[in-house]
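Numbering (the numbering used here), first residue to last: 3 to 217. C-beta atoms are modelled at their ideal positions from N, C-alpha and C, and glycine is treated no differently. A short worksheet on the structure shown next.
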Amino acid sequence: MWTAAELAREAQPYTAQPAQPTKRLLVVGDSTAVGTGAAAPAESLPGLIGQQHPQWRIDNLAANGAKFGDIVKQLEQADKGYDLVLVLGGGNDVIRFTAEEELRPQLQQTVALAREKGRHVVVMPCGNVGHAPFFIPPLSWAMSRRSETLHALVQEVTAAQQVRYVRLLKSRDQDPFVTRSKELNAADGLHPSSAGYQEWYRELVAQGGLADLGL
3 MWTAAELARE AQPYTAQPAQ PTKRLLVVGD STAVGTGAAA PAESLPGLIG
53 QQHPQWRIDN LAANGAKFGD IVKQLEQADK GYDLVLVLGG GNDVIRFTAE
103 EELRPQLQQT VALAREKGRH VVVMPCGNVG HAPFFIPPLS WAMSRRSETL
153 HALVQEVTAA QQVRYVRLLK SRDQDPFVTR SKELNAADGL HPSSAGYQEW
203 YRELVAQGGL ADLGL
């Protein structure tokens with residue numbers, strides 16, 4: 003827990019403000035949107051997007067510890083007119099046992115607000131929290147069940163509102179965060195490392211997360 007807190011204190015959300023941006027990206031979410039666990043902001047998921055697309059403006063309102071109820075508040079204070087809104091969250095709702103009857107309307111509100119702020123929306127929940135080295139049985143089993151519930155809800159809500167959902171949830175034998183654990187997990191055993199965020203970026207691209215921008 004101390005290591006996780008230390009990484010969170012050190013993390014700074016990645017932003018980019020080119021003089022003449024060709025696209026405008028809004029990032030909202032939790033510590034995975036901040037980039038906690040990465041060696042530098044440029045090695046977070048938003049940072050990797052910025053490295054690949056240096057002419058994009060990237061605004062990042064994410065905060066460590068945010069649940070979907072907090073992400074709603076991030077979106078409420080955001081401007082409109084973005085080309086893409088990227089929502090990264092869910093881990094804290096899993097870990098802090100947000101009830102399904104509370105989480106569903108928060109997800110619905112998150113997606114509805116994101117659609118108001120940008121032409122395209124991508125919702126990318128964290129992978130299987132139960133696979134994180136931080137958790138051991140039987141708690142890891144509970145985290146896995148809750149992760150599956152989270153993804154089922156996100157898939158339901160994104161399909162209903164016709165926005166893109168990027169799935170990081172995998173079975174244990176196919177999850178690179180298990181098979182390549184030391185490489186992809188940060189020192190706290192809870193967040194992705196720089197290499198872990200590279201894996202997330204690969205999934206984002208492979209699953210068409212940037213396809214609506216012509217990529």
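Residue i, buried or exposed, once every other Cβ within 10 Å from all chains shown has been counted against 16
| i | result |
| --- | --- |
| P127 | buried |
| E201 | buried |
| D175 | exposed |
| G91 | buried |
| F136 | buried |
| L210 | Note that residue 210 is Gly in the sequence shown here, rather than Leu. Classification for G210: exposed. |
| I97 | buried |
| Q53 | exposed |
| L206 | buried |
| L217 | exposed |
Beta-carbon contacts of residue i that lie in its chain and below 8 Å, excluding the five residues immediately before and after
| i | result |
| --- | --- |
| R59 | A18, Q19, P20, P23, K25, R26, L27 |
| P56 | A18, P20 |
| N66 | A10, A13, D32, S33, V36, T38 |
| H122 | D85, L86, V87, V165, R166, D214, L215 |
Identified DSSP bridge partners for residue i
| i | result |
| --- | --- |
| I60 | A18, L27 |
| G120 | Y84 |
| Y167 | V125 |
| V89 | V30, V125 |
| P139 | Its beta-bridge partners do not exist; DSSP assigns none. |
| P194 | N187 |
Distance cut-off 6 Å: residue i Cβ against heavy atoms of the ligand GTP
| i | result |
| --- | --- |
| S195 | By its list of ligands, the structure shown contains no ligand whatsoever, and the ligand GTP lies outside what it can speak to. |
Neighbourhood of residue i by C-beta, 7 Å cutoff - its chain only, sequence neighbours within 5 removed
| i | result |
| --- | --- |
| G132 | S142, W143, M145, S146, S149 |
| E118 | K82 |
| G93 | D32, T34, C128, V131 |
| F179 | G129, H133, L186, N187, G198 |
Cβ-Cβ distance between residue i and residue j below 7 Å
| i | j | result |
| --- | --- | --- |
| L186 | S195 | yes |
| Y167 | V125 | yes |
| V89 | A116 | yes |
| D95 | L109 | no |
| Q79 | V113 | no |
| P48 | V29 | yes |
| L63 | Y203 | no |
Test: residue i CB closer than 7 Å to a CB of chain D
| i | result |
| --- | --- |
| A65 | Any reference to chain D falls outside this structure, which holds one protein chain only. |
Own chain, CB closer than 6 Å to residue i, minus 5 neighbours either side, in chain order
| i | result |
| --- | --- |
| S46 | Y16, G37, A40, Y199 |
| Q157 | Y167 |
Point to revise | Segment contact flag, the stretch 69-86 with the stretch 37-45, C-beta cutoff 8 Å, min 3 pairs | key: no
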